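With my numbering applied, the sequence shown has no gaps in its numbers, which climb one by one up to 256 at the end.
Everything on this sheet refers to the single structure shown next.
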Amino acid sequence: MIGPVEITNGVYVFSKFLEEASISVNVFLVLDEKPVIIEAGLTNMGREIMDKVREIIDPSKIGYIFITHEHPDHMGGLPEIIAKAYDSRVIAHKYISAHLSFIGVYGVIDLVEGGEKINIGRREIEIVYAPIETHGYIYFILWPDGIVFTGDYFGQLSPDGWHTFSTLDTETLIKEIAGFHEGLGYRREEVKKYLSTLKKKKITMIAPSHGSLINRDLDTIIPRVIEYRLKTTGRRGLLARIFGRSK
Numbered sequence: 010m011i012g013p014v015e016i017t018n019g020v021y022v023f024s025k026f027l028e029e030a031s032i033s034v035n036v037f038l039v040l041d042e043k044p045v046i047i048e049a050g051l052t053n054m055g056r057e058i059m060d061k062v063r064e065i066i067d068p069s070k071i072g073y074i075f076i077t078h079e080h081p082d083h084m085g086g087l088p089e090i091i092a093k094a095y096d097s098r099v100i101a102h103k104y105i106s107a108h109l110s111f112i113g114v115y116g117v118i119d120l121v122e123g124g125e126k127i128n129i130g131r132r133e134i135e136i137v138y139a140p141i142e143t144h145g146y147i148y149f150i151l152w153p154d155g156i157v158f159t160g161d162y163f164g165q166l167s168p169d170g171w172h173t174f175s176t177l178d179t180e181t182l183i184k185e186i187a188g189f190h191e192g193l194g195y196r197r198e199e200v201k202k203y204l205s206t207l208k209k210k211k212i213t214m215i216a217p218s219h220g221s222l223i224n225r226d227l228d229t230i231i232p233r234v235i236e237y238r239l240k241t242t243g244r245r246g247l248l249a250r251i252f253g254r255s256k
């Protein structure tokens, strides 16, 4: 596992790069009065994540674990993480409560609908409902930093290896993100409906759960990705291809 890498003051990324699938699985740590883990990675990542967290902070001090949606590469590591961060609360959309119970996560969950803002100290996390990929999908904006943790949205494959921040030129990066969205079966009208709010926010960094982070040309990248004319493909065909190869 790569990291911890500090991407801004008190915010870290850990990443597991699946070389055979050319994709990274990213997990984030935000330090504050109530420290936060964002995303839980694959099932086999839970212990590695907590080993990395321990390099920075006592895991028992974690206050919250935020989950974007129910796919196993985003919440698979939860049981192992909760075992170490035993005073934490899981923040997830109400529509994925059953999925959490399937992996043995009960009683420590705060179910949300979107629109909530959770104060963690000097920072606040805004929860945004965006059911493009699944009905229980939320993403998070860290304020006042302006970092948006998007899950699969704005993700990319990494055929030349993973970099903390994207090294691609703006045009190539936009096409890579659009290709990722197409592979997951997104439809343009849904992307516009649920992500257009980002165009009105003062976003300084996009932190997806797959691929490199983006901290430049956001005034160009965000609207161009949202307005991109996506081709229709089989829904979740990319996920099946990626994680079928990575086993």
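The C-beta atom is built at its ideal place from N, Cα and C for all residues, glycine as well.
Because the structure is a prediction, the values reported are computed rather than measured.
- Item | Nearest-angstrom beta carbon gap, L207 and I231 [assumed within contact, 8 Å] | By one-based count along the sequence shown, residue 231 stands at place 222. By one-based count along the sequence shown, residue 207 stands at place 198. Rounded, the Cβ-Cβ distance is 5 Å, consistent with contact.
- Run the CB neighbour count on E29, radius 10 Å, all protein chains shown included, and call it buried at 16 or more, exposed below. Position 20 of the sequence shown, counted from the first residue, corresponds to residue 29. Exposed is the call here.
- Enumerated in chain order, which unbroken segments of the alpha helix (DSSP H) with a length of 4 residues or greater are wholly contained in the stretch 51-126? 55-63, 81-84, 87-93 and 106-111
- Item | Chain-order list of residues whose beta-carbon lies under 6 Å from that of T213 (same chain, five-residue window excluded) | Counting from 1 along the sequence shown, the entry for residue 213 is found at position 204. Excluding positions up to five away in sequence, the list reads G155.
- Would you mind listing the beta strand (DSSP E) stretches within the stretch 121-188 that are 3+ residues and don't spill past its ends, in chain order? 126-128, 133-138, 147-152 and 156-160
- Query: Do you know how far the Cα of P68 is from the Cα of T52?
  - Reply: On the sequence shown, position 43 is the one that residue 52 refers to. On the sequence shown, position 59 is the one that residue 68 refers to. Going from the Cα of T52 to the Cα of P68 covers about 18 Å.
- Please classify E198: is it buried, with 16 or more other beta-carbons within 10 angstroms of its beta-carbon, or exposed? Reading the sequence shown from its first residue, position 189 is the one you call residue 198. Its Cβ having fewer than 16 others within 10 Å, E198 is exposed.
- Select from P44, I46, V39 and M54 the residue whose C-alpha is nearest the C-alpha of I11. Working through the sequence shown from its first residue, we reach residue 11 at position 2. Taking only the C-alpha atoms, the option nearest I11 is M54.
- Query: Alpha carbon to alpha carbon, how far is L109 from L87?
  - Reply: On the sequence shown, position 100 is the one that residue 109 refers to. On the sequence shown, position 78 is the one that residue 87 refers to. Cα-Cα distance, rounded: 9 Å.
- Sequence-distant residues of its chain with Cβ nearer than 8 Å to G243 (five each side left out): By one-based count along the sequence shown, residue 243 stands at place 234. Note that G243 has pLDDT 49, beneath the 50 cutoff, so the model's placement of it is unreliable and the number below is only indicative. Taken in chain order, the residues that qualify are G194.
- Determine the contact status of I186 and V234, defining contact as a CB-CB distance below 8 Å. In the sequence shown, the residue the question calls residue 186 occupies position 177. In the sequence shown, the residue the question calls residue 234 occupies position 225. For I186 and V234, yes; Cβs fall inside 8 Å.
- Alpha carbon to alpha carbon, what distance is there between T77 and Y146? Reading the sequence shown from its first residue, position 137 is the one you call residue 146. Reading the sequence shown from its first residue, position 68 is the one you call residue 77. One C-alpha to the other measures close to 6 Å.
- Query: Under a three-way DSSP split, which group does E191 fall into?
  - Reply: For the purposes of this step, residue 191 is identified with residue 182 of the sequence shown, where counting begins at 1. It is helical.
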